[in-house]
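Working notes, structure below.
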Amino acid sequence: MKKGRITCKSERELVYMRDAGRVVARTHAELAKAARVGVTTGELDQLAEDFIIRQGARPAFKGLYGYPATVCASINEEVVHGIPGPRKLKDGDIVSIDIGVEMNGYYGDSAFTLPIGDVSIEALVLLKSTEQALWEGIARAREGNRVSDISYAIQSYVERQGYSVVRDYVGHGIGSSMHEEPQVPNFGLPGRGPRLNKGMTLAIEPMVNMGTYEVRTLLNNWTVVTLDAKLSAHFEHTVAVTGDEPEILTRL
Ligand code: MG
Ligand code: MG
């Protein structure tokens with residue numbers, strides 16, 4: 005996490021943020037088409053890397069804190085930071101794809117959980133609810149609100165659905181680096197933390213577990229899984245606080 009002040013981006017910087025965000029969105033669209041039964045997460049990673057580079061951008065996760073790949077691909081009970089490899093997607097899996105890119109010095113970051121083949125109703129409802137939790141949070145990313153208004157909206161929505169929000173990983177400011185101040189937790193009481201101002205850009209990213217919110221990290225030191233091995237989903241957008249409705253930067 006880059007220390008320091010929360011930055012408000014100028015209109016010129018927002019142009020660059022939109023460019024980076026668009027590459028992320030396009031890459032997600034490519035992977036959503038490619039992700040099917042029998043495809044490996046390593047193949048998806050290669051596809052993403054080639055696609056990002058062809059658009060004049062750079063895969064931002066690769067090398068970040070030593071991370072070895074372009075995307076994170078987290079299957080079923082994996083929450084975040086699943087490392088792509090030879091594992092094939094199976095019928096009924098859910099896979100969370102997280103993508104970050106840098107272009108012209110500015111960053112975009114977004115995640116989706118995709119159903120593979122015939123997925124259980126329970127899993128589909130988890131995906132729908134996690135995506136809705138993201139929108140509940142985004143709706144609070146308005147000038148004059150505080151950071152924890154986003155957090156509270158996400159947590160209260162998720163818990164009303166009978167799920168839990170992960171505590172150990174949080175959303176973040178984003179701009180000329182991937183991780184900036186402020187942290188944007190997916191839990192907490194409203195009306196706390198920094199006030200949101202026009203030009204702030206945030207990656208809002210609920211990670212929602214079917215069972216306990218507790219997680220652990222696998223021996224590869226990256227992959228985070230739910231402690232009870234129940235399913236987890238992850239949706240994320242990079243958004244800009246404006247004088248009006250929040251602007252979604254990682255959507256086509
Ligand atoms: Mg992300
Ligand atoms: Mg993020």
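Numbering of the sequence shown is given in our numbering, commencing with residue 5 and proceeding in unit increments.
Each residue gets a CB set at the ideal place from its N, CA and C atoms; glycine is no exception.
| query | result |
| --- | --- |
| Where D49 sits in the DSSP three-state scheme | helix |
| Coarse secondary structure for S168, derived from DSSP in three states | strand |
| Counted within 10 angstroms of its Cβ, other Cβ atoms place M5 as buried (16 or more) or exposed | Because M5 carries a pLDDT of 49, less than 50, the predicted location of this residue cannot be relied on, and no value is offered for it. |
| Helix, strand or coil at S181 [DSSP, three-state] | coil |
| Coil, strand or helix - K92 by DSSP | strand |
| Proximity test, D113 beta-carbon vs ligand 4 heavy atom, cut-off 8 Å | Although ligand 4 was asked about, the structure shown includes only ligand 1 and ligand 2 as ligands. |
| Same chain only: Cβ atoms within 6 Å of D153, ignoring 5 sequence neighbours per side | R144 and P194 |
| C-beta atoms of L200 and V162 nearer than 9 Å | no |
| Secondary structure of S114, DSSP reduced to three states | strand |
| Touching by the beta-carbon criterion (3+ pairs, under 8 Å), the segment 230 to 237 and the segment 205 to 217 | yes |
| Straight-line Cα distance separating A24 from G192 | 30 Å |
| Among D232, K202, T227 and T205, nearest to T216 - alpha-carbon criterion | D232 |
| Classification of K13 by the beta-carbon crowding that lies within 10 angstroms, buried from 16 upward | buried |
| Member of G166, V43, V105 and E184 whose CA lies at the smallest distance from the CA of V174 | E184 |
| P67 versus G104: straight-line alpha-carbon distance, rounded | In the sequence as presented, Pro is not what sits at residue 67; that position holds Gly. Cα to Cα, G67 sits roughly 12 Å from G104. |
| Cβ shell of I252 (< 6 Å), same chain only, five flanking positions each side left out | H241 and V243 |
| Contact test: I158 Cβ vs ligand 2 heavy atom, cutoff 8 Å | no |
| Start and end residues, beta strand (DSSP E) containing E82 | E82 to V84 |
| Alpha-carbon spacing of A39 relative to S155, whole angstroms | 31 Å |
| Short Cβ contact (9 Å threshold) for A29 with S114 | yes |
| Beta-carbon gap between T31 and G89 smaller than 9 Å | no |
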